[in-house]
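Chemist: Residue numbers (the numbering used here): 233 to 747. Just so you know, even glycine gets a beta-carbon here, dropped at the ideal spot from N, CA and C. Quick caveat, the model's predicted, so the values are computed rather than measured.
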C-alpha cells in the first residue's frame, strides 16, 4: 500500500504543478537523465519510453518497426510507434553465461536473421550457436529455417553481429577459445571460428583471423565490408574488410610495420593480411558500427562506432576514397589512439552505458542500443527537433501495463484526451511536455514491476481506474481556450484529491472515533 500511495501521490503532484512554472525546469531534469551529444548541432532522446528488459543486444528495422533482442531470455520484442509491445514476436531457449545468449539480428526486407546460443531450456547448458532465417508477417517471426550451426565450446568469443547488403547476409564469430589455422597458428583447428561467414546465400569464408567482433556493416556507397574487433589486453581495431581478408589474430593485433612477421603468417587459402584502419591502444570494446547515409543527418562522410566499456560514441571522418580516416590531431595521424592521448577529435557522445548496437534508421537518424541501461536512444539534428510536430502515440506506460495492452479502451481514452484535447491548446501542450518529462522518470520502472508482479498490477489498476474515469469528463466539454483548460484542469485535480485523500481520511477518522 505504501508503494501505491507513493505512485498516486507522485502522479497527482505532477498534475498539480502549474504548467508554465514546471516547464521552466524541464530542460535540466531531462538532460541530466540522458546521455550527452558533444556536437551542439545534435540532441539525444530516449526513443522508447519503456525500458527493454533482460539486457538488449542488437536491433534491426523491419519497415518503420524495430525488432530488438533480449539477451538473457531468448525473446525478440517489437517496438512500434515508439512503444514496446507487450507480446514477444519470438521466444527461443538460450544459454546466458558469459558472452552467450541472444546475440545478433539483421533483416533483408521481410526476411529476418537471428543468431543465438541454443539451449534445451532458458539459462540451460549451451548446445551450439545457431543462425535462423524467419519470415516477418507484421506481428510474429514465422517459418524458421536453420541456416547455420556454429561452435559454442566456450562461453567467450561467440561473436554474433550480422549485417545484410546487396542480397548477401554476413555473420561473424570469434575464436571461441580455438587456436589453429583460422587463428594463424600452424596446427589443426576448429572450423567456423574467427571468421566472417556468408550466411544467405551460403558461401566460403569472407574473412578470417578475427579474435572477436560485435560489429559488422557495409558502406552503402562503396559496398566495402567493415568490422570492429576486440583486442586482448590492448589494441582494439576498426577494419575495412575486403574479400579474403586475414585480420591477423593470434599473431598480430594493432598496426605492424614488421613485414617479416606478416610474411610468416601460416597461409590459409588466398587470405591476405592488412593493417587496421584505426586502433585504440587501451581497450574500449568497440561494438556497433554504421555509415551515415542521410542528408537530413548531414554526416554522409562519417562512420559512427559505439563502445561497451565507456559508453562513448565515436565519429570518424572518411577519406575521399572511403577506405580509411583522416584526422586533424597530430596524435591520431598514425591511426592509433595511444594511452594518454586525447580522444576529443573523435568523441561524439558520452554516457550511453554499455553500447551493443548502433544503427541508422529509415528516418536517417542514429539509433543506439544500451545493454546496461536497457534503452534505445535516438540522435537527431537539433534543427529537426525544433521543426518536428508533437509525436502521437506512446506514453501511458503505467496504464498500458495495468490493462495489458496499448489498445485497451482505458489507454485509448487517455491518448484521446492527450492528443485531441490537451495538445490543442498552448497551456495543455505546455503541461503535457512538462508532465511527460517528470512522468518518465519513474513510470518505466513501475510499468516493468507491474508486468513482473500480477498482484501489484491488479492493485495499480484498482488505484488508477477512478482517476481515468474522472478524466472522461474532458471528452464531453469544450477545451478550446486557455481558460477552459485551466478551469477544468483545476476542477479535476480537486476531484481526484477528494477521491484519493479527503474521502479516505474522513472514513479513517470516522472509524477511529467509533473505536
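Three or more beta-carbon pairs under 8 Å between the stretch 568–575 and the stretch 490–504, yes or no?
Modeler: no
Chemist: Quick one: which unbroken beta strand (DSSP E) runs of 3-plus residues sit fully inside the stretch 272–321? Chain order, please.
Modeler: List check, beta strand (DSSP E) in window: 274–278, 288–294, 297–302, 307–312.
Chemist: Curious, which full-length beta strand (DSSP E) runs of at least 3 residues does the stretch 392–465 contain?
Modeler: 394–397, 400–405, 427–432, 447–450, 457–461
Chemist: Is it true that the stretch 351–361 meets the stretch 415–423, where meeting means three or more beta-carbon pairs spaced less than 8 Å apart?
Modeler: no
Chemist: Do the CB positions of residue 361 and residue 431 come within less than 8 Å of each other?
Modeler: Taking the first residue of the chain shown as position 1, residue 361 is located at position 129. Taking the first residue of the chain shown as position 1, residue 431 is located at position 199. Residue 361 places its beta carbon 8 Å or farther from that of residue 431.
Chemist: Do the stretch 336–346 and the stretch 394–404 touch if we need at least three Cβ pairs shorter than 8 Å?
Modeler: yes
Chemist: Can you give me the C-alpha to C-alpha distance between residue 288 and residue 435, rounded to a whole angstrom?
Modeler: Position 56 of the chain shown, counting from 1, holds the residue named residue 288. Position 203 of the chain shown, counting from 1, holds the residue named residue 435. Cα to Cα, residue 288 sits roughly 30 Å from residue 435.
Chemist: By the three-class DSSP mapping on this structure, what secondary structure does residue 350 have?
Modeler: By one-based count along the chain shown, residue 350 stands at place 118. If DSSP states are grouped into helix, strand and coil, residue 350 belongs with the strands.
Chemist: Please give the ranges of any beta strand (DSSP E) in the stretch 486–547, keeping only runs that are unbroken, at least 3 residues long and fully inside the region.
Modeler: Listed in chain order, they are 510–512, 518–523, 534–539.
Chemist: Among the candidates 336, 292, 283, 348, whose CA atom is the shortest distance from the CA of residue 318?
Modeler: The residue you call residue 318 lines up with position 86 of the chain shown. The candidate whose alpha carbon is nearest that of residue 318 is 283.
Chemist: If residue 311 and residue 608 are in contact, beta carbons under 8 Å, what's the gap, nearest whole angstrom?
Modeler: In the chain shown, the residue the question calls residue 311 occupies position 79. In the chain shown, the residue the question calls residue 608 occupies position 376. Indeed, because the Cβ distance is near 7 Å, the residues count as touching under 8 Å.
Chemist: Counting Cβ pairs closer than 8 Å, one from the stretch 449–463 and one from the stretch 556–569, do we hit at least three?
Modeler: no
Chemist: Exposed or buried, what is residue 358 when buried is set at 16 or more other beta-carbons lying within 10 Å of its beta-carbon?
Modeler: The residue labelled residue 358 in the question sits at position 126 within the chain shown. The residue is buried, with at least 16 neighbouring Cβ atoms inside 10 Å.
Chemist: So, is residue 257 buried or exposed, given that buried needs 16 or more other C-beta atoms within 10 angstroms?
Modeler: Numbered from its first residue, the chain shown carries residue 257 at position 25. Any reading at residue 257 is ruled out, since the residue's pLDDT is 30, under 50, leaving its predicted position unreliable.
Chemist: Are there three or more Cβ pairs, one per stretch, closer than 8 Å when the stretch 470–487 is compared with the stretch 377–385?
Modeler: no
Chemist: Return the first residue and the last residue of the alpha helix (DSSP H) that residue 732 is part of.
Modeler: Counted from its first residue, the chain shown places residue 732 at position 500. Per DSSP, residue 732 belongs to no alpha helix (DSSP H) and is neither H nor E.
Chemist: Let me make sure I understand the geometry here. Which of 699, 363, 552, 371 has the alpha-carbon closest to that of residue 379?
Modeler: In the chain shown, the residue the question calls residue 379 occupies position 147. Of the listed residues, the one whose Cα sits closest to residue 379 is 363.
Chemist: I'd like the span of the alpha helix (DSSP H) that includes residue 610, first residue to last.
Modeler: By one-based count along the chain shown, residue 610 stands at place 378. Run containing residue 610: none in the alpha helix (DSSP H); it sits in the beta strand (DSSP E), 607–613.
Chemist: List the whole-angstrom C-beta distance separating residue 633 from residue 689, where the pair is believed to meet the contact cut-off of C-beta under 8 Å.
Modeler: By 1-based counting over the chain shown, the position of residue 633 is 401. By 1-based counting over the chain shown, the position of residue 689 is 457. Between residue 689 and residue 633 the Cβ distance is about 7 Å, and since that is below 8 Å, they are a contact.
Chemist: State buried or exposed for residue 710, treating a residue as buried only when at least 16 other CB atoms are found within 10 Å of its CB.
Modeler: Counting from one through the chain shown, the residue named residue 710 turns up at place 478. Its Cβ having fewer than 16 others within 10 Å, residue 710 is exposed.
Chemist: Can you look up residue 364 in the DSSP assignment and give me helix, strand or coil?
Modeler: Translated into the one-based positions of the chain shown, residue 364 becomes position 132. Looking at residue 364 - three-state DSSP - the assignment turns out to be strand.
Chemist: When DSSP builds the beta bridges, which residues end up paired with residue 593?
Modeler: Here the question's residue 593 lines up with position 361 in the chain shown. Answer is none; residue 593 lacks a bridge partner.
Chemist: For the beta strand (DSSP E) that contains residue 469, what are its first and last residues?
Modeler: Indexing the chain shown from 1 puts residue 469 at position 237. Start and end: 468–473.
Chemist: Mapping DSSP to helix, strand and coil, what is residue 388?
Modeler: Translated into positions along the chain shown, residue 388 becomes position 156. Of the three classes helix, strand and coil, the one that applies to residue 388 here is coil, per DSSP.
Chemist: Hey, could you find the ends of the beta strand (DSSP E) residue 381 is sitting in?
Modeler: Taking the chain shown and counting its residues from 1, the one referred to as residue 381 is at position 149. 373–382 is the span of the beta strand (DSSP E), which, as asked, contains residue 381.
Chemist: For the structure I just gave you, are there three or more beta carbon pairs, one from the stretch 541–553 and one from the stretch 438–448, closer than 8 Å?
Modeler: no
Chemist: Out of 295, 743, 534, 597, which has the shortest C-alpha to C-alpha gap to residue 578?
Modeler: Taking the chain shown and counting its residues from 1, the one referred to as residue 578 is at position 346. Out of 295, 743, 534, 597, 534 has the C-alpha closest to the C-alpha of residue 578.
Chemist: Got a sec? Which residues, its chain only, sit under 8 Å from residue 294 by beta carbon, not counting five neighbours each side?
Modeler: In the chain shown, the residue the question calls residue 294 occupies position 62. Closer than 8 Å at the Cβ level, and outside the excluded window around residue 294, lie 339, 342, 344, 368.
Chemist: What is the DSSP secondary structure of residue 558, reduced to helix, strand or coil?
Modeler: Taking the chain shown and counting its residues from 1, one reaches residue 558 at position 326. Strand, per DSSP.
Chemist: Answer yes or no: do residue 601 and residue 300 have a C-beta to C-beta separation smaller than 8 Å?
Modeler: Position 369 of the chain shown, counted from the first residue, corresponds to residue 601. Position 68 of the chain shown, counted from the first residue, corresponds to residue 300. Remark: C-beta atoms of residue 601 and residue 300 approach each other more closely than 8 Å.
Chemist: Residues in the same chain with beta-carbon distance under 6 Å from residue 377, minus the five sequence neighbours each way, listed in chain order, please.
Modeler: Position 145 of the chain shown holds residue 377. Correct list, in chain order: 365.
Chemist: Shortest alpha-carbon distance to residue 316 belongs to which of 409, 331, 279?
Modeler: As a working note, residue 316 is residue 84 in the chain shown. Minimum Cα distance to residue 316 is reached at 279.
Chemist: Would you identify the three-state DSSP class for residue 657, choosing helix, strand or coil?
Modeler: Taking the first residue of the chain shown as position 1, residue 657 is located at position 425. Three-state DSSP puts residue 657 in coil, outside helix and strand.
Chemist: Whole angstroms are fine: how far does the CA of residue 676 sit from the CA of residue 277?
Modeler: As a first step, residue 277 must be located in the chain shown, where it is residue number 45. As a first step, residue 676 must be located in the chain shown, where it is residue number 444. About 15 Å.
Chemist: Residue 586 by DSSP, collapsed to three states: which one?
Modeler: By 1-based counting over the chain shown, the position of residue 586 is 354. Looking at residue 586 - three-state DSSP - the assignment turns out to be coil, as it is neither helix nor strand.
Chemist: Please report how far the alpha carbon of residue 476 lies from the alpha carbon of residue 616, in whole angstroms.
Modeler: Taking the chain shown and counting its residues from 1, the one referred to as residue 476 is at position 244. Taking the chain shown and counting its residues from 1, the one referred to as residue 616 is at position 384. Each residue's Cα considered, the two are about 42 Å apart.
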